[in-house]
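Peer 1:
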Amino acid sequence: MIHPERLSGIVNPGIAAAIAAVGVFSLTIGLSYPLFSLILEQMGLPAALIGLNAAMTPLGILVSAPVIPEVARRVRGDVLAIVSVLAVSGLLILMGSLRDPLIWLGLRFLLGVAINTLYVLSETWINLLAPPAIRGRVIGVYGMVASAGFALGPALLGILGTGGILPFAVAAAITVLPVPLLMAAGRHLPPTGGEGRGGILDFVRRAPILLIAVGAFALFDQATLSLLPIYGLAVGMDETKAAFALTVLVAGNIVLQVPIGWLADHVRRRHVMAGLAGLACLGALLLPLSVGHPVALWPLLFIWGAAGYGGYTVALTILGDRYSGQRLLAGNACFALMWGVGGIFGSPLAGRAMDQFGHNGLPGVLALLFAALALALVLFRLTVERDPRDG
0 MIHPERLSGI VNPGIAAAIA AVGVFSLTIG LSYPLFSLIL EQMGLPAALI
50 GLNAAMTPLG ILVSAPVIPE VARRVRGDVL AIVSVLAVSG LLILMGSLRD
100 PLIWLGLRFL LGVAINTLYV LSETWINLLA PPAIRGRVIG VYGMVASAGF
150 ALGPALLGIL GTGGILPFAV AAAITVLPVP LLMAAGRHLP PTGGEGRGGI
200 LDFVRRAPIL LIAVGAFALF DQATLSLLPI YGLAVGMDET KAAFALTVLV
250 AGNIVLQVPI GWLADHVRRR HVMAGLAGLA CLGALLLPLS VGHPVALWPL
300 LFIWGAAGYG GYTVALTILG DRYSGQRLLA GNACFALMWG VGGIFGSPLA
350 GRAMDQFGHN GLPGVLALLF AALALALVLF RLTVERDPRD G
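Here the sequence shown is numbered in numbering that gives the first Met the number 0, starting from 0 and rising by one per residue.
(1) Return the first residue and the last residue of the alpha helix (DSSP H) that N331 is part of.
(2) Does P45 come out as helix, strand or coil in the three-state DSSP assignment?
(3) Are T246 and A150 closer than 8 Å when you measure CB to CB?
(4) Please classify V377 as buried or exposed, where buried requires at least 16 neighbouring CB atoms within 10 angstroms.
(5) In whole angstroms, what separates the C-alpha of A46 from that of G105?
(6) Let's test the definition: count the other Cβ atoms within 10 Å of the Cβ of E4 and tell me whether it reaches 16, buried, or not, exposed.
(7) Taking only the alpha-carbon atoms, compute the straight-line gap between T56 and L39 and give it to the nearest angstrom.
(8) Assign R204 to one of three DSSP states: helix, strand, or coil.
(9) Between P190 and L327, what straight-line distance do the alpha-carbon atoms span, to the nearest angstrom?
(10) Check this for me: beta carbons of P177 and A71, under 8 Å apart or not?
(11) My guess is that G310 and A212 are in contact by the Cβ rule of under 8 Å, so how many angstroms apart are they, rounded?
(12) Would you kindly check if the distance between the Cβ of R136 and the Cβ of W261 is under 8 Å?
(13) In the structure shown, what three-state DSSP assignment does L296 receive?
(14) Spatial neighbours of V313 within its chain, please: CB distance less than 6 Å, with the 5 preceding and 5 following residues excluded, ordered by chain position.
(15) Is DSSP giving N11 helix, strand or coil here?
(16) Leaving out five residues on either side along the sequence, give the residues of the same chain with a beta carbon under 8 Å from the beta carbon of L180.
(17) Decide if F243 is buried, meaning its Cβ has at least 16 other Cβ atoms within 10 Å, or exposed.
(18) With a threshold of 16 other CB atoms inside 10 Å of the CB of M0, please say whether the residue is buried or exposed.
(19) Would you call the stretch 217-228 in contact with the stretch 117-124, where contact means no fewer than 3 C-beta pairs closer than 8 Å?
(20) Residues in its own chain within less than 6 Å of T27 by CB, not counting five upstream and five downstream?
(21) Flag A17 as yes when its Cβ comes closer than 7 Å to any non-hydrogen atom of the ligand NAD, and as no otherwise.
(22) In chain order, what residues of the same chain lie with their CB nearer than 8 Å to the CB of L109, ignoring the 5 residues before and after it?
(23) Output the residue ranges of the alpha helix (DSSP H) runs that lie fully inside the stretch 214-300 and measure 4 residues or longer, sorted by chain position.
(24) Can you check whether the C-beta of G89 is within less than 8 Å of a C-beta belonging to chain B?
(25) Does DSSP put N359 in a helix, a strand or coil?
(26) Indicate whether L426 and L30 have their beta-carbon atoms separated by less than 8 Å.
(27) Enumerate in chain order the residues of its own chain whose CB-to-CB distance from L51 is below 6 Å, with the five nearest sequence positions on each side excluded.
(28) Going by DSSP, what residue range makes up the alpha helix (DSSP H) through V84?
(29) Going by beta carbon distance, what residues of the same chain come within less than 7 Å of A366, once the five residues before and after it are set aside?
(30) What do you get for P293, buried or exposed, if any count of 16 or more other CB atoms within 10 angstroms of its CB means buried?
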């Protein structure tokens with residue numbers, strides 16, 4: 000899908016460093032999210048409180064998002080990224096040593112701040128460096144690598160288990176692996192921010208539907224990462240299979256990210272997003288019917304994951320095409336804000352639905368969410384700027 004002469008768009012040292020760092024970081028997050036949820040479930044917490052605990056990370060993302068652009072203009076990006084990596088590693092060790100749900104609330108908030116810093120920087124770097132003609136596919140590779148990390152995390156958890164300090168120590172050790180790579184690639188990374196005008200409020204006015212879509216995909220992400228293992232346990236899976244269900248969900252995103260990016264380069268992006276939202280709605284509706292039938296369940300989770308997560312690739316492609324300089328950084332900060340909003344509401348809302356309506360409250364909430372998003376994407380423009388590929 001990518002011609003040989005265009006491979007430089009991906010093997011650019013700055014892009015490669017950003018993608019690799021996020022891939023390793025995602026592995027840590029993919030391991031830690033179900034780890035936290037399973038430990039809290041073992042403590043006897045109800046699903047709503049597990050969801051509330053999980054919401055502290057997106058709250059950290061939400062609070063830190065407006066601050067990161069200003070910090071990124073004052074501190075070298077590679078230095079800021081390395082600090083965030085080291086902070087995540089230290090926080091994981093603290094969480095493994097202090098298994099207290101109340102203490103975890105604060106630590107998971109700080110985790111969100113550190114995680115958000117690396118992701119805002121990485122996504123800004125990639126959009127600044129990606130050649131416009133293949134931006135969707137470059138971002139698809141980014142999404143594929145990040146998703147691979149998420150998928151390997153729960154699988155690794157199945158090997159490590161949830162007991163003792165071991166899973167936390169392994170996650171902390173993995174987290175620091177990108178530090179040498181970021182140090183070596185520092186001179187290839189462009190400065191964030193750049194020229195131009197535009198803040199967060201200006202960007203909200205310019206792209207409200209695009210930001211709503213990002214929030215919806217974030218809600219799906221947070222709800223499934225924190226509660227799909229709990230859903231699996233509720234329908235009779237053992238701990239290993241419940242974690243594997245999340246692996247399969249994310250694996251669909253790994254395989255189909257680049258094809259989704261290719262579509263974003265060639266097809267009207269609003270149509271791609273609407274189609275993904277429709278598939279995500281259908282997947283949620285079919286999930287309860289497929290439980291107990293592995294031949295149907297695993298392929299369904301595979302496709303559902305690609306649809307539920309894949310829209311973010313399209314959103315990032317639009318962001319890089321339409322904006323640069325200050326507006327690009329503001330857009331990435333707004334994406335982080337919406338990721339925080341979606342995450343804060345996603346886990347508690349889905350957890351509350353599971354407490355009120357049983358385990359099928361999780362797919363029910365997600366089906367309603369994506370049905371509404373698909374309708375909005377059909378009826379409204381993504382941004383105020385016109386683009387023939389957006390429709």
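Note that the Cβ used here is the ideal one computed from N, Cα and C, for glycine as well.
Peer 2: So, from the listed chains and residues:
(1) Taken as a continuous stretch (DSSP letters only), the alpha helix (DSSP H) holding N331 covers G324 to F356.
(2) Here DSSP, grouped into helix, strand and coil, assigns P45 to coil.
(3) It is a contact, given that the beta carbons lie within the stated cut-off.
(4) Of the other Cβ atoms in all chains shown, fewer than 16 fall within 10 Å of the Cβ of V377; this residue is therefore exposed.
(5) Cα to Cα, A46 sits roughly 19 Å from G105.
(6) With a pLDDT of 43 at E4, under the threshold of 50, the modelled position of this residue cannot be trusted; read the value that follows with caution. The residue in question, E4, is exposed, as its Cβ has fewer than 16 Cβ neighbours within 10 Å.
(7) T56 and L39 have their C-alpha atoms roughly 15 Å apart.
(8) Looking at R204 - three-state DSSP - the assignment turns out to be helix.
(9) A straight-line Cα-Cα distance of about 12 Å links P190 and L327.
(10) The answer is no: Cβ separation not under 8 Å.
(11) Right, their Cβ atoms sit about 6 Å apart.
(12) Between W261 and R136, the C-beta gap is smaller than 8 Å, which places the two residues in contact.
(13) Per DSSP, reduced to three states, the secondary structure at L296 is helical.
(14) Here the set comprises A263, R268, V271 and M272.
(15) Looking at N11 - three-state DSSP - the assignment turns out to be coil, as it is neither helix nor strand.
(16) Here the set comprises A16, A19 and A20.
(17) It counts as buried.
(18) Reliability fails at M0, whose pLDDT of 46 lies under 50, so the model's placement of it is uncertain and the value that follows must be treated cautiously. Label assigned to M0: exposed.
(19) Contact between the stretch 217-228 and the stretch 117-124 is absent, because fewer than three Cβ pairs lie under 8 Å.
(20) The beta carbon of T27 sits closer than 6 Å to those of A170, I173 and T174, all from its chain and outside the five residues before and after it, given in chain order.
(21) This structure lacks the ligand NAD, and indeed carries no ligand of any kind.
(22) Hits under 8 Å: G59, A86 and L90.
(23) Taken in chain order, the whole alpha helix (DSSP H) runs of length 4 or more contained in the stretch 214-300 are 238-265 and 268-289.
(24) Within the model displayed, chain B is absent; a lone protein chain is all it includes.
(25) For N359, the secondary structure class from DSSP, reduced to helix, strand or coil, is coil.
(26) Because the chain spans 0 through 390 in this model, residue 426 falls outside it and cannot be assessed.
(27) By the criterion of a C-beta distance shorter than 6 Å, L51 is surrounded in its chain by P347, once the five residues flanking it on both sides are discounted.
(28) Element bounds for V84: G76 to S96.
(29) Hits under 7 Å: C280, A283 and L284.
(30) The residue in question, P293, is exposed, as its Cβ has fewer than 16 Cβ neighbours within 10 Å.
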